[in-house]
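A.B. asks: Numbering (our numbering), first residue to last: 14 to 455.
Just so you know, even glycine gets a beta-carbon here, dropped at the ideal spot from N, CA and C.
As the structure is a prediction and not an experimental result, all values here were calculated from the model.
Got a structure for you, written out below as structure tokens; questions coming shortly.
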């Protein structure tokens, strides 16, 4: 019997090792994000940057509730494939043109000339809006831009809270295998204007493929897996196809249980491809159980990740952190912090008008570990529990405001209380989260 098991295991491992396409452990490519300041305060030094101390208090979610949530998630995820045309207002399509009238800069500090914006507005080709009107899919991790260009847009880098990494051309990141709807091409044909379930903008034409009805039927099969390990590499014949972030979705073949991903043929249409994981712990059937072990496993991989505005350079900002934390559990969140607070399926409890003590008491009495979001305009956090009577949360945080108007930059995902930097004389106390929090989302 032992010999039989060993033979079976060896055969399985060999078939995985020599498969044409393998999902394997990797890492986010090193970038300028890794050179950003990573300052500490008492919270980050005294609170262990590990969520396991809080996960023991999590209340497991029932299987019924998870399946209900997961049905909503899947419906939202594939929503672009049900579109006939893109239905944006003129303001939604063109609000980004405002930057052409403002003083903007490159990362180097050099001003962006008006002629660059004139070209990009023309290249946006909105006179051809909805001229393509076809469903498609991303074939690799891609950036969603406001203009059909990879070039960055910054406000004055000398101003606090501006400059790198706050690139205003970076709208979001879209993961591999994500359904999208294509409106039209840029004039130079290098970009396509698309809408996903959570955001719209420009992606590279080379990063997507159109989908046929046959492809959609095979792909949208109600049996989905999701990556539960961050920063994986999808390798095809030894060549990297894409970085794969935690929270990326892959359908499973209903007969063979192989994982499916989209390739692209010579006509620009998606083809079904298959891969095997190098490790069974990289990907799991969605949704995974919402329990103490799993919430710690997922959340701890997010701790310490550099702050990536709009998913810049394949990292996460505050709302991407919360979105990707909940995704493996089949819970769908919109993209930005205000939408997550006001438009998600959770109930919103306003903290407006309350003093610091009242806000703290309301949070501690109503928030649920690893289920509740805490909201302040422009920022969203995952509630973990309490420490010494103080609410504690996980969040990707840029920095604490100082009396000088500058910030003590954290530049990463941290575990903290709502009083970050309270021990420092130079911290602006009325700007601390304990003072500015506006809502609790359960």
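What do you get for residue 17, buried or exposed, if any count of 16 or more other CB atoms within 10 angstroms of its CB means buried?
C.D. replies: Its pLDDT being 37, under 50, residue 17 is placed unreliably in this model, and the value from its coordinates should be taken loosely. Counting Cβ neighbours within 10 Å, residue 17 comes out exposed, since fewer than 16 surround it.
A.B. asks: Quick one: Cα of residue 153 to Cα of residue 284, how far?
C.D. replies: 13 Å
A.B. asks: Give a yes or no on whether the C-beta atoms belonging to residue 39 and residue 256 are separated by under 9 Å.
C.D. replies: yes
A.B. asks: Below 6 Å CB to CB, which residues in the same chain sit around residue 445 once its five sequence neighbours on both sides are set aside?
C.D. replies: 432
A.B. asks: Any beta carbon of chain D sitting closer than 9 Å to that of residue 139?
C.D. replies: Protein chain content of the structure displayed is limited to a single chain, and chain D is not contained in it.
A.B. asks: Starting from the C-beta of residue 309, find all residues in its chain whose C-beta is less than 7 Å away, skip the five residues before and the five after it, and write them out in chain order.
C.D. replies: 64, 65 and 68
A.B. asks: With DSSP collapsed to three states, give me the class of residue 376.
C.D. replies: helix
A.B. asks: Over what stretch of residues does the alpha helix (DSSP H) that includes residue 468 continue unbroken?
C.D. replies: Outside the shown range of the chain, which is 14 to 455, sits residue 468, and nothing can be said about it.
A.B. asks: Hey, out of 390, 398 and 61, whose CA is closest to residue 373's CA?
C.D. replies: The shortest CA-to-CA distance from residue 373 to any of 390, 398 and 61 is the one to 398.
A.B. asks: So residue 265 and residue 34 are in contact, right, with Cβ under 8 Å, and what is the actual spacing, rounded?
C.D. replies: Incorrect: roughly 15 Å between the Cβ atoms, too far for contact.
A.B. asks: Is it buried or exposed, residue 108, if we count other Cβ atoms within 10 angstroms and call 16 or more buried?
C.D. replies: exposed
A.B. asks: State the start and end residues of the unbroken alpha helix (DSSP H) segment that holds residue 310.
C.D. replies: 305-313
A.B. asks: Looking at residue 73 and residue 148, is the spacing between their C-beta atoms short of 9 Å?
C.D. replies: no
A.B. asks: So, at 7 Å on beta carbons, what are the nonlocal neighbours of residue 222 in its own chain, with the 5 sequence-adjacent residues on each side left out?
C.D. replies: Contacts found: 149, 150, 152, 275, 277, 281, 282 and 283.
A.B. asks: Going by alpha carbons, who is nearest to residue 141 out of 171, 288 and 199?
C.D. replies: 199
A.B. asks: Quick check: residue 161 and residue 204, are their CB atoms within less than 9 Å of each other?
C.D. replies: Remark: C-beta atoms of residue 161 and residue 204 approach each other more closely than 9 Å.
A.B. asks: Below 8 Å on the Cβ atoms is my guess for residue 353 versus residue 386; work out the distance and round it to an integer in Å.
C.D. replies: 6 Å
A.B. asks: Pick from 419, 85, 190 and 242: whose alpha carbon is nearest that of residue 315?
C.D. replies: The shortest Cα separation from residue 315 among 419, 85, 190 and 242 belongs to 242.
A.B. asks: Could you check what DSSP says for residue 121 in three-state terms: helix, strand or coil?
C.D. replies: Coil, per DSSP.
A.B. asks: Going by DSSP, what residue range makes up the alpha helix (DSSP H) through residue 212?
C.D. replies: Counting along the chain, residue 212 falls outside any alpha helix (DSSP H), and DSSP gives it neither H nor E.
A.B. asks: Under 8 Å: do the segment 363-380 and the segment 320-337 share three or more Cβ pairs, one atom per stretch?
C.D. replies: no
A.B. asks: Answer with buried or exposed for residue 61, where buried requires no fewer than 16 other C-beta atoms within 10 angstroms of its C-beta.
C.D. replies: exposed
A.B. asks: Thinking C-alpha only, which one of 321, 317 and 298 is nearest residue 176?
C.D. replies: 321
A.B. asks: Quick one: is residue 318 buried, meaning 16 or more other Cβ sit within 10 Å of its Cβ, or exposed?
C.D. replies: buried
A.B. asks: Give me the DSSP bridge partner(s) of residue 277.
C.D. replies: 283
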